[in-house]
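Be aware that the sequence shown starts at 284, since it is given in the working numbering, and climbs by one per residue. Where a beta carbon is used, it is the ideal one built from N, C-alpha and C, also for glycine. As the structure is a prediction and not an experimental result, all values here were calculated from the model. Step one of this worksheet: look at the structure below.
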Amino acid sequence: MTNSTPPGGMEPENDINGGSPEEQLSPDELALRRLMRDAVSDIQPGHEALDHLRRAVPARRTHRRQLLAGSAAACLLALVAVPAALHAANISGSAKTGAANASSAQDNGGTDGGPDGPAAGAGTPTPTAGDGVPDEGPTRTGGSQAQVPPGSSDAVDPSDTLAANAPLCSSDDLGEASGYAGASDGAGRVSGWFQVANTSDRSCTVDGGGTVTFAAQGAAESARISVVDHTANDGTTLPDSLGTLILKAGQSYRVEFTWVPAAGGTGGCTPPSTPTPTATATDSPTGEASAPPAGDNGASQGAPAAIVLSHTPEAGAPVVNATIDGACAGTVYKTGAVAAQ
284 MTNSTPPGGM EPENDINGGS PEEQLSPDEL ALRRLMRDAV SDIQPGHEAL DHLRRAVPAR
344 RTHRRQLLAG SAAACLLALV AVPAALHAAN ISGSAKTGAA NASSAQDNGG TDGGPDGPAA
404 GAGTPTPTAG DGVPDEGPTR TGGSQAQVPP GSSDAVDPSD TLAANAPLCS SDDLGEASGY
464 AGASDGAGRV SGWFQVANTS DRSCTVDGGG TVTFAAQGAA ESARISVVDH TANDGTTLPD
524 SLGTLILKAG QSYRVEFTWV PAAGGTGGCT PPSTPTPTAT ATDSPTGEAS APPAGDNGAS
584 QGAPAAIVLS HTPEAGAPVV NATIDGACAG TVYKTGAVAA Q
């Protein structure tokens, strides 16, 4: 009996009309089919293929069941969470409606107060700028949010509420600079300030207090003079600065300072030494006045001692000066940028 099974061990399939599929293929297709069968005729399953299938098929079914169970749990959680969220939204909406109704009742005189005034126990209205609230000046910021008292007439425009919306002040924005140094107190301390204005037509941000330098004049001793930042325990009454300040057009900032002289004479100056007495002219035996001996005729008088302080804003200009007269040695304590009073 002739074996009609083709290479590869595959039985020929008959189509629905009873004919073999090979009878419906063209010669080229038959040749390609034979080539493909010959290419895989030597391939045999591995020894562990059956064991692998026995393990993999149940594992795949288990994985599918776990996915279905997770999907069902997620759907159940969504079904439970949606009604709860809707309930919370309804409660929030009711609370807002109640607050709006209460506010409307106060504006209309209250439920029990009648049309002539608010009900008993109604809160005191918040004062506005027209009620005498003082102008707070430039807006101080400790971060990105401007800190402005509610209702202030000097509140920053909405576009300038954040420091990021007010660009840094440039040298073109600043001007009208002035410096001041007061008289010394009983301890020889001198207080003063530098003031710089925003002369532009826009708001800008001052970030930092710039720099304060000094120049010694006359008997002032540069090596014994220093400029340091104000701290809470430095013994001065200087104000604390927040570091960042928003200036509206026309507003100013200040850098305040206090001069504390070194121990010693007034202004930290070294007391002058007592001059050595010189011989006076005497009559000589011949009757002629003798001249004083050549040598020291007294210490030369130099220029008066003074310290010239200079402030330069972060933008680089303008530079403003203040002079402390009679100062020789000591420390200058300075603040950052603070709102001008």
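On the criterion of 16 or more Cβ atoms from any shown chain inside 10 Å, does residue 594 qualify as buried, or is it exposed?
Label assigned to residue 594: buried.
On the premise that residue 619 lies in contact with residue 492, defined as a C-beta separation below 8 Å, what is that separation, rounded to the nearest angstrom?
3 Å between Cβ atoms; contact.
May I ask you to verify whether the stretch 538 to 553 touches the stretch 461 to 479, counting CB pairs closer than 8 Å and requiring at least 3?
With a cut-off of 8 Å, the stretch 461 to 479 and the stretch 538 to 553 count as touching, because enough Cβ pairs lie within range.
Tell me the residue span of the beta strand (DSSP E) that contains residue 544.
Counting along the chain, the beta strand (DSSP E) containing residue 544 begins and ends at 535 to 544.
So, helix, strand or coil for residue 334, using DSSP?
Residue 334 falls in the helix class under three-state DSSP.
Below 8 Å on the Cβ atoms is my guess for residue 479 versus residue 601; work out the distance and round it to an integer in Å.
7 Å between Cβ atoms; contact.
According to the neighbour-count rule (16 or more other Cβ atoms, all chains shown, within 10 Å of its Cβ), is residue 534 buried or exposed?
With 16 or more other Cβ atoms within 10 Å, it is buried.
Could you compute how far the alpha carbon of residue 334 sits from the alpha carbon of residue 344?
If I take the Cα positions, the gap works out to 16 Å.
From the DSSP output, in three-state form, read off residue 459 for me.
Here residue 459 sits in strand by DSSP.
So is residue 326 buried or exposed if we call it buried at 16+ other beta carbons inside 10 Å?
So residue 326 counts as exposed.
Using a Cβ-Cβ distance cut-off of 7 Å, determine whether residue 331 contacts chain C.
Of the chains in the structure shown, none is chain C; there is only one protein chain.
Could you spell out the range, first to last residue, of the alpha helix (DSSP H) harbouring residue 512?
Counting along the chain, residue 512 falls outside any alpha helix (DSSP H), though it belongs to the beta strand (DSSP E) covering 508 to 512.
Which residues bound the beta strand (DSSP E) around residue 498?
From DSSP, the beta strand (DSSP E) with residue 498 extends over 494 to 500.
How big is the Cα-Cα spacing for residue 411 and residue 504?
Residue placement at residue 411 cannot be trusted, given a pLDDT of 47 that sits under 50; what the coordinates show is reported in the next sentence. Answer to the nearest angstrom: the Cα atoms are 54 Å apart.
Please go through the same chain and pick out, in chain order, the residues whose beta-carbon is closer than 7 Å to the beta-carbon of residue 449, but skip the five residues on each side of it.
Cβ neighbours of residue 449 beyond the five flanking positions: 443, 486, 487, 488 and 529.
Between the Cα of residue 456 and those of 597, 469 and 306, spot the shortest distance and give me the residue it belongs to.
If we check each option's Cα against that of residue 456, 597 comes out closest.
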